[in-house]
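Asker:
Residue numbers (my numbering): 6 to 623.
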């Protein structure tokens with residue numbers, strides 16, 4: 006709950022805090038009478054609203070005569086005052102504070118707030134009095150001084166003294182400032198405040214410590230203990246939702262902003278209609294319009310690499326109309342739209358505004374979030390794409406000392422390692438971006454994780470070459486390296502790690518950075534099989550007729566199913582047969598029948614990677 010400045014000063018006065026003589030005014034005549042009653046050469050006319058920044062907005066006037074008081078009161082009463090805290094709609098001024106002027110020598114900022122992290126009250130102060138504390142924090146955070154107060158002890162004398170000296174107060178002022186801090190802290194605790202602020206707190210030419218401005222906010226959940234505070238409530242200053250919530254005994258906190266928060270569930274469908282309605286409403290309010298008679302523009306939602314069709318991108322047309330055959334550029338990808346399908350798989354020849362489509366024909370896989378645009382000249386589009394590719398490559402390459410996850414900590418200890426470079430490959434662009442962002446977030450003060458490349462598709466020789474040139478490791482998510490990449494990685498000693506769960510990759514890198522990478526198990530590759538034929542046998546299930554192309558397969562092997570370089574399943578062997586006989590193992594060059602425990606969607610051309618998990622110790 007908030008109260009007005011004049012109400013806050015009245016409470017402060019009860020606690021022995023010095024405030025200027027002042028009186029509230031609800032009419033022009035009230036304001037003139039108050040000024041005459043004060044009788045000082047200069048009086049201050051202050052608009053009373055629940056918002057800061059009133060001085061900057063013209064809500065504080067200095068008057069040198071009753072006539073000026075009358076003039077300013079007429080201007081302010083009933084006007085709409087717009088400050089940085091009210092928003093563009095502003096607030097109506099219904100009351101004023103008329104108070105005596107002061108001979109100001111120095112201005113300070115001081116406040117008490119509850120710090121949730123430390124679970125105590127913190128006193129904040131600054132010599133930049135009269136300024137918004139947010140501006141001070143942004144421009145010069147070192148100027149904000151803090152004292153953390155143990156709630157069991159309260160504000161200690163040495164803390165008040167230390168703060169006064171830190172603010173470079175004169176020796177004659179220090180005892181008075183100390184008293185002010187002690188009194189304000191007592192008020193803060195007694196009244197269950199969430200904020201007690203003076204901005205500015207001034208030292209006058211007479212060396213008096215004066216609360217020139219005051220703001221008290223109260224914890225709504227404690228108001229039942231303070232009926233005297235509830236009586237000060239001004240409902241005209243509150244949001245309609247706040248009043249409705251209060252009537253029902255609830256607390257309402259307006260977070261502001263213009264982003265709607267709609268609870269939805271993909272599982273149950275809850276809130277989907279509300280979400281669609283809100284989107285339609287926002288579009289109407291924002292007057293979002295599109296011209297279908299221009300070249301298409303929009304954004305890439307998702308992208309992947311298909312072995313048969315090449316790069317496939319899911320895009321959203323935001324403006325214009327996209328036609329089959331149009332030349333588009335999306336990030337570093339360029340191409341002519343070859344096919345276009347909607348969300349139902351129907352082939353389209355054109356797509357208008359607000360239409361999501363899946364297209365083929367691009368030369369590369371764009372990144373999710375890239376903007377695309379249809380262009381007229383394909384040659385210029387390709388030149389622009391090449392320039393973007395060249396610029397991206399320049400950022401990728403740098404020199405590093407050879408590193409693996411296992412030796413990372415030892416290099417950090419020698420102060421030889423400052424950055425861990427990673428190449429990420431994933432099955433789809435969205436997964437690649439998620440892995441990239443997750444890894445980069447775990448950087449610490451000693452080492453920075455930098456993803457130099459994030460792409461989709463199987464790990465290729467070019468990925469290994471990039472990792473080798475940049476001294477990076479390769480992390481694969483739901484993908485596998487091709488044979489050429491395996492050989493190149495072995496030759497150049499580039500480390501590759503494969504994962505199917507993002508958290509496993511994060512944990513491994515984090516543990517390596519902490520010097521705790523000590524996995525209990527490691528994967529041992531046994532061999533590879535190629536599915537030649539698929540049989541459906543009743544009472545047995547799906548049997549894959551395979552040929553062992555390298556290594557061997559054993560009955561107790563685990564099997565990873567790889568299709569077009571993408572890992573689609575991991576399973577265990579249900580049966581392994583040579584002709585009609587059960588087999589314990591089948592060596593390279595021989596054929597066998599394999600039935601998996603769970604996975605049955607096997608297709609000809611699939612690759613089975615046989616492996617086992619081996620326990621080891623460093």
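Note that beta-carbon positions come from the ideal geometry of N, C-alpha and C, so glycine has one too.
(1) Given a threshold of 16 other Cβ atoms within 10 Å of its Cβ, counted over all protein chains shown, does residue 218 qualify as buried or as exposed?
(2) Taking the runs of the alpha helix (DSSP H) that are 4 residues or longer, which of them lie wholly in the segment 9 to 64?
(3) If we ignore side chains and look at the alpha-carbon of each, how far apart do residue 119 and residue 331 end up?
(4) Closest to residue 300 by C-alpha separation, out of 615, 56, 356, would be which residue?
(5) With 16 other CB atoms within 10 Å as the buried threshold, where does residue 12 fall?
(6) In whole angstroms, what separates the C-alpha of residue 242 from that of residue 100?
(7) Please report the distance separating the alpha-carbon of residue 620 from that of residue 562.
(8) Between which two residues does the alpha helix (DSSP H) holding residue 121 run?
(9) Out of 508, 327, 80, 346, which one is the CA nearest neighbour of residue 66?
(10) What residues in its chain sit with their C-beta under 8 angstroms from that of residue 179, if we drop five residues either side in the sequence?
(11) Check each candidate in 354, 290, 429, 43 and name the one with the smallest Cα separation from residue 511.
(12) For residue 153, is the classification buried or exposed, using 16 other Cβ atoms within 10 angstroms of its Cβ as the cut-off for buried?
(13) If you scan the segment 145 to 199 from start to end, which runs of the beta strand (DSSP E) of 3 or more residues do you find wholly inside it?
(14) Pick helix, strand or coil for residue 518, following the three-state DSSP scheme.
(15) Reducing DSSP to helix, strand and coil, say where residue 435 ends up.
(16) Need the endpoints of the beta strand (DSSP E) that residue 531 sits in, please.
(17) Mind checking residue 362: buried by the 16 CB within 10 Å criterion, or exposed?
(18) When we look at the beta-carbon of residue 485 and count the other beta-carbons within 10 Å, is it buried (16 or more) or exposed?
(19) Find the nearest neighbour of residue 527 within the set 545, 502, 508, judged by alpha-carbon distance.
(20) Do you know how far the Cα of residue 157 is from the Cα of residue 124?
(21) Determine, using beta carbons only, whether residue 339 and residue 386 come nearer to each other than 8 angstroms.
(22) Could you give the DSSP three-state label for residue 269: helix, strand or coil?
(23) Going by beta carbon distance, what residues of the same chain come within less than 8 angstroms of residue 98, once the five residues before and after it are set aside?
(24) Hey, could you find the ends of the alpha helix (DSSP H) residue 595 is sitting in?
(25) Is there a Cβ of chain D sitting closer than 8 angstroms to that of residue 490, yes or no?
(26) Note down the Cα distance separating residue 220 from residue 9, rounded to an integer number of angstroms.
(27) Where do the ends of the alpha helix (DSSP H) carrying residue 278 lie?
(28) Where do the ends of the beta strand (DSSP E) carrying residue 557 lie?
(29) Using a Cβ-Cβ cutoff of less than 7 angstroms, which residues in the same chain neighbour residue 277 once the five nearest sequence positions on both sides are dropped?
(30) Hey, how far is the Cα of residue 59 from the Cα of residue 256?
(31) Measure the alpha-carbon distance for residue 522 versus residue 469 and round it to whole angstroms.
(32) Closer than 8 angstroms by C-beta to residue 142: which residues in its own chain qualify, once you throw out the five before and the five after it? Chain order, please.
(33) If you follow the alpha helix (DSSP H) that residue 495 is part of, which residue opens it and which one closes it?
(34) Excluding sequence positions up to five away, which residues of its chain have a Cβ less than 7 angstroms from the Cβ of residue 191?
(35) Excluding the five sequence neighbours on either side, which residues of its own chain have a C-beta within less than 8 angstroms of the C-beta of residue 307, listed in chain order?
(36) Can you give the Cα-Cα distance for residue 286 and residue 115, rounded to whole angstroms?
Answerer: Per the coordinate set shown:
(1) Residue 218 is buried by the Cβ-count criterion.
(2) The qualifying runs are 10 to 19, 33 to 43.
(3) One C-alpha to the other measures close to 60 angstroms.
(4) Per the Cα distances, 356.
(5) Classification of residue 12: buried, given that the 10 Å Cβ count is 16 or more.
(6) Going by the C-alpha atoms only, they are around 11 angstroms apart.
(7) Those two C-alpha atoms are separated by around 15 angstroms.
(8) Going by DSSP, residue 121 is part of no alpha helix (DSSP H) at all; its letter is neither H nor E.
(9) For the residues 508, 327, 80, 346, the minimum Cα distance to residue 66 belongs to 80.
(10) 166, 169, 170, listed in sequence order.
(11) The closest CA to that of residue 511, considering only 354, 290, 429, 43, is found on 429.
(12) By the 10 Å Cβ count, residue 153 comes out exposed.
(13) Fully enclosed beta strand (DSSP E) runs of 3 or longer: 150 to 154.
(14) Helix, per DSSP.
(15) Helix.
(16) Per DSSP, residue 531 belongs to the beta strand (DSSP E) from 526 to 542.
(17) Buried, because 16 or more other Cβ atoms sit within 10 Å of the Cβ of residue 362.
(18) Per the 10 Å Cβ criterion, buried.
(19) Comparing Cα-Cα distances from residue 527 to each of 545, 502, 508, the minimum goes to 502.
(20) Residue 124 and residue 157 have their C-alpha atoms some 12 angstroms from each other.
(21) Residue 386 sits close to residue 339, with the two beta carbons spaced by under 8 angstroms.
(22) Residue 269 carries a coil assignment under DSSP once its states are collapsed to helix, strand and coil.
(23) Correct list, in chain order: 52, 53, 54, 64, 81, 82, 83, 84, 85, 86.
(24) Where residue 595 is concerned, there is no enclosing alpha helix (DSSP H), given that its DSSP letter is neither H nor E.
(25) Annotation note: the requested chain D is absent from the structure, which comprises a single protein chain.
(26) Taking the straight line from one Cα to the other gives about 7 angstroms.
(27) It spans 277 to 290 - the alpha helix (DSSP H) in which residue 278 sits, taken as one unbroken run.
(28) 546 to 559 is the span of the beta strand (DSSP E), which, as asked, contains residue 557.
(29) 269.
(30) Their Cα atoms are separated by approximately 27 angstroms.
(31) Any reading at residue 522 must be qualified, since the residue scores a pLDDT of 48, below 50, and its modelled position is unreliable; the value itself is stated next. The alpha-carbon atoms of residue 522 and residue 469 are separated by roughly 23 angstroms.
(32) For residue 142, where only same-chain residues beyond five positions count, the Cβ hits under 8 angstroms are 149.
(33) Where residue 495 is concerned, the enclosing alpha helix (DSSP H) stretches over 488 to 497.
(34) Around residue 191, the same chain offers 20 as residues with beta carbons nearer than 7 angstroms, after the five sequence neighbours per side are excluded.
(35) Residues 318, 319, 373, 433, 434, 435 of the same chain have their beta carbon placed closer than 8 angstroms to that of residue 307, with the five preceding and five following residues left out of the count.
(36) In a straight line, the C-alpha of residue 286 is about 44 angstroms away from that of residue 115.
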